[in-house]
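Student: Have a look at this one.
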Amino acid sequence: MKSVPDANAALLQMRGISKSYGERKILDRIDLDVAAREKVAIIGPSGSGKTTILRLAIGLVKPDEGTIRIDGSYLWHEETQGGLKPAGERHARKVRRAVGIVFQQFNLFPHMTALGNIVEAPIRVRKLPEREATTRATELLARVGLADKHTAYPGQLSGGQQQRVAIARALAMDPALMLFDEPTSALDPELVGEVLAVMKALAGSGMSMIVVTHELGFAREVGDHLLFMDDGIVVEQGPPREVLADPRHERTKAFLSKVL
23 MKSVPDANAA
33 LLQMRGISKS
43 YGERKILDRI
53 DLDVAAREKV
63 AIIGPSGSGK
73 TTILRLAIGL
83 VKPDEGTIRI
93 DGSYLWHEET
103 QGGLKPAGER
113 HARKVRRAVG
123 IVFQQFNLFP
133 HMTALGNIVE
143 APIRVRKLPE
153 REATTRATEL
163 LARVGLADKH
173 TAYPGQLSGG
183 QQQRVAIARA
193 LAMDPALMLF
203 DEPTSALDPE
213 LVGEVLAVMK
223 ALAGSGMSMI
233 VVTHELGFAR
243 EVGDHLLFMD
253 DGIVVEQGPP
263 REVLADPRHE
273 RTKAFLSKVL
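Here the sequence shown stands for residues 23 to 282, where the numbers follow the working numbering.
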């Protein structure tokens with residue numbers, strides 16, 4: 023990624039990140055910096071490690087090697103006079119509150135309304151008063167174009183509407199960084215545009231984002247930086263328009279020839 027002279031300037035910083043499951047190495051010594059307001063797109067074939075980067079960034083899994091820093095604080099380490107020491111789950115929970123994530127599947131609570139899904143975490147985790155959380159959730163539903171759906175249950179919503187509720191739910195925690203894991207891959211083609219429109223508006227507002235996507239037009243239009251991953255490493259990276267129009271690595275060329 024872009025060079026960052028001061029580690030504190032990076033909203034997300036990964037250094038030397040490796041992750042294996044059994045004998046299979048998913049990520050191999052990955053370095054990644056995401057600055058405030060930066061939009062990073064990650065592309066690559068299935069199994070290349072894209073989703074694992076997001077899961078590591080939000081603390082759902084721990085790296086085998088390396089450090090992760092979010093908004094100036096280490097995720098799985100604490101700083102002491104003698105250097106870094108390992109930190110536990112309680113410390114990680116505090117640090118990862120700065121990150122929100124939207125998955126491929128919507129993962130909404132089916133027994134809760136759209137509004138109920140959004141207020142749940144702010145009330146339970148952030149301890150916001152119910153009235154304040156409800157006001158915020160109502161504003162977010164309007165922001166994602168669902169002002170008239172606050173009493174609807176997930177089963178009454180289309181896939182695109184459910185994904186927009188999921189985006190509003192993530193935003194309700196006021197994250198500094200939003201992660202999107204192929205958020206349109208589970209949608210019917212005619213519903214993809216409505217979700218991408220919300221994401222474009224979010225990007226335009228200055229939200230820092232990492233987006234794992236197959237929507238190369240979105241990556242080209244919205245992204246500041248693009249990574250092509252394969253077999254657990256970053257094969258090629260740079261401005262999206264440059265990488266997509268004139269890839270330098272043969273593996274990138276082969277991949278793009280099949281998806282463009």
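Built from N, CA and C at the ideal position, the CB exists for glycine as well.
None of the values given here were measured: they were computed from a predicted structure.
#1: Between which two residues does the beta strand (DSSP E) holding R158 run?
#2: Considering only their Cβ atoms, is the gap separating V62 from M231 smaller than 8 Å?
#3: Which residues does DSSP list as the beta-bridge partners of T102?
#4: Whole angstroms are fine: how far does the CA of H271 sit from the CA of T160?
#5: Mind reading off the beta-carbon distance from I48 to T89? Whole number of angstroms is fine, and I expect it under 8 Å.
#6: How far does the alpha helix (DSSP H) with S279 in it reach, from first residue to last?
#7: Tell me which same chain residues have a C-beta within less than 6 Å of the C-beta of V233, skipping the five on either side of it?
#8: Buried or exposed: where does R191 fall if 16 or more other Cβ atoms within 10 Å of its Cβ makes it buried?
#9: Just mark R119 as buried or exposed, buried being the case when its beta carbon has 16 or more other beta carbons within 10 Å.
#10: Rounded to whole angstroms, what is the Cα-Cα separation between L278 and G81?
#11: Under the rule that 16 or more other beta-carbon atoms within 10 Å means buried, what is P205, buried or exposed?
Tutor: For this structure:
#1: No beta strand (DSSP E) contains R158, which is instead part of the alpha helix (DSSP H) from E152 to R165.
#2: yes
#3: G105
#4: 47 Å
#5: Not really, about 17 Å apart at Cβ, beyond 8 Å.
#6: E272 to V281
#7: A63 and F202
#8: buried
#9: buried
#10: 31 Å
#11: buried
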